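The opening residue of the sequence shown carries number 43 in the numbering used here; numbering runs sequentially from there.
Cβ atoms here follow ideal geometry from the backbone N, Cα and C, with glycine treated the same way.
Here the structure is a predicted model, which is why all the values come from computation and not from measurement.
This report concerns only the one structure given below.
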Amino acid sequence: MSVADVISGGGLGRRLRWTDALRNPLGTACHHAYGSPVLAVVYHAVCDTVPDHLKHIYRPRTPKEFTEDLDFLLKHFEPTDLPTVTGSAMGGPEIRRPSLLVTFDDGMREVAEVAMPILRRKGIRPALYLNLNFLDNRTLFYRHKASLLAERLSRLAEADPRRAVCAATLARAGAGAADPAAGVMTVSWQQRAVLDEIATVLEFDTAAFLADEKPYLTRDEIADLMAEGVSIGAHGFDHPNHRLLTPEQRKQEVTGSVAGIRELFGPGCGSFAFPYSDEGLPDALFGELYGNGVDVTFGTSWPRRGGPQRRIQRICFENGPAPAKRQLVKRLLRGGAGNMKRALAG
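What follows is the structure, given as structure tokens:
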């Protein structure tokens, strides 16, 4: 294996020339690291004030930070869209220049209200990955419910007897912690029923929250976004961690949600973004999915050398307040060292 092979890793599009590297070193570095000229990035929400249902999960970008992220990225990458990336991955025209694909997961209403005006000004057409069960605010994502409950628990006085009741309930479910607010955030998808017990103790009305706050986009709102060129893909039914599912559950979650999204929004909506990550999932799964109506898949792990071009990885910039430049360079350095280590081991 040559040094060039170690650095490059193949993938979508041609390998960049040294002249490309001189003109755009960051775009070239990302191409080599990801094996593709496309840098796919993922966000969830953009907001100045973080709502309680997101507060204990991740740190959304503020409008200012999001704008600065895009300004930086657009200096090095041309905006592209999901149909172009999907077509290239499935054997269509190659994407030859460093390109940026912006995606959003979970179908949060802040995408339409806050992010889209910024994206319009930048000429970017994003892709939204939707959970079927959350559409039209029918059900609440269990992690969003956990964050809401954690916030309420954090505001209770130490002597409030509800703290002890919630702590005991969490302990019985195997999610105990010294602080019940921290414990509730460790509840897994399989344990999610315990959140309803905690909600009862804290007198939190899930249905009223959905009706009043409307945290998710509706089908009509999504149709309006699609009319502007926004692309739609599937993110599952209710956002489980696929590493904890059985093979049959995993396959149904992917193919079933893709079929459901296609039925609602059109035949072009054939991509799937794995909740959390696709790290550790068996290679055979992807061949099955691509043979059962799934066009491409997205994860958030480091790209694997020799993997299918239809398995694309994204980077998330919601891991703290650091600007996109710093987070991207750090990830490239960490991933490049990992690629070299794996190559030497092989």
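Just verifying my parser: in three-state terms, what is the DSSP assignment at residue i?
i: residue 49; result: In this prediction, residue 49 has a pLDDT of 36, which is less than 50 and means its spatial position is unreliable; nothing more can be read from the coordinates.
i: residue 100; result: coil
i: residue 129; result: helix
i: residue 109; result: helix
i: residue 178; result: helix
i: residue 69; result: helix
i: residue 120; result: strand
i: residue 265; result: helix
i: residue 94; result: helix
i: residue 153; result: helix
i: residue 88; result: strand
i: residue 374; result: helix
If the criterion is Cβ atoms closer than 8 Å, does the pair residue i and residue j meet it?
i: residue 101; j: residue 85; result: no
i: residue 165; j: residue 259; result: no
i: residue 98; j: residue 189; result: yes
i: residue 313; j: residue 339; result: yes
i: residue 191; j: residue 251; result: no
Using the beta-carbon count (16 or more within 10 Å), is residue i buried or exposed?
i: residue 226; result: buried
i: residue 369; result: buried
i: residue 173; result: buried
i: residue 17; result: Here the chain has residues from 43 to 388 only, and residue 17 is not among them.
i: residue 195; result: buried
i: residue 122; result: buried
i: residue 152; result: buried
i: residue 222; result: buried
i: residue 355; result: buried
i: residue 136; result: exposed
i: residue 283; result: exposed
Note the first and the last residue of the continuous alpha helix (DSSP H) segment covering residue i.
i: residue 160; result: 158-164
i: residue 186; result: 184-196
From which residue to which residue does the beta strand (DSSP E) around residue i run?
i: residue 288; result: Per DSSP, residue 288 belongs to no beta strand (DSSP E) and is neither H nor E.
i: residue 82; result: 80-85
i: residue 146; result: 141-147
i: residue 134; result: First-last for residue 134: undefined, no H or E at that position.
Do residue i and the ligand MN come close, with the Cβ less than 7 Å from some heavy atom?
i: residue 197; result: Because no ligand of any kind appears in the structure shown, any question about the ligand MN cannot be addressed here.
**Asked** Which ranges does the beta strand (DSSP E) cover as unbroken runs of at least 3 residues, wholly within the segment 299-372, from first to last along the chain?
**Response** 339-341 and 353-358
What residue ranges within the segment 199-263 form continuous alpha helix (DSSP H) runs of no fewer than 4 residues, ordered along the chain?
Fully enclosed alpha helix (DSSP H) runs of 4 or longer: 203-214, 222-226, 235-243 and 248-255.
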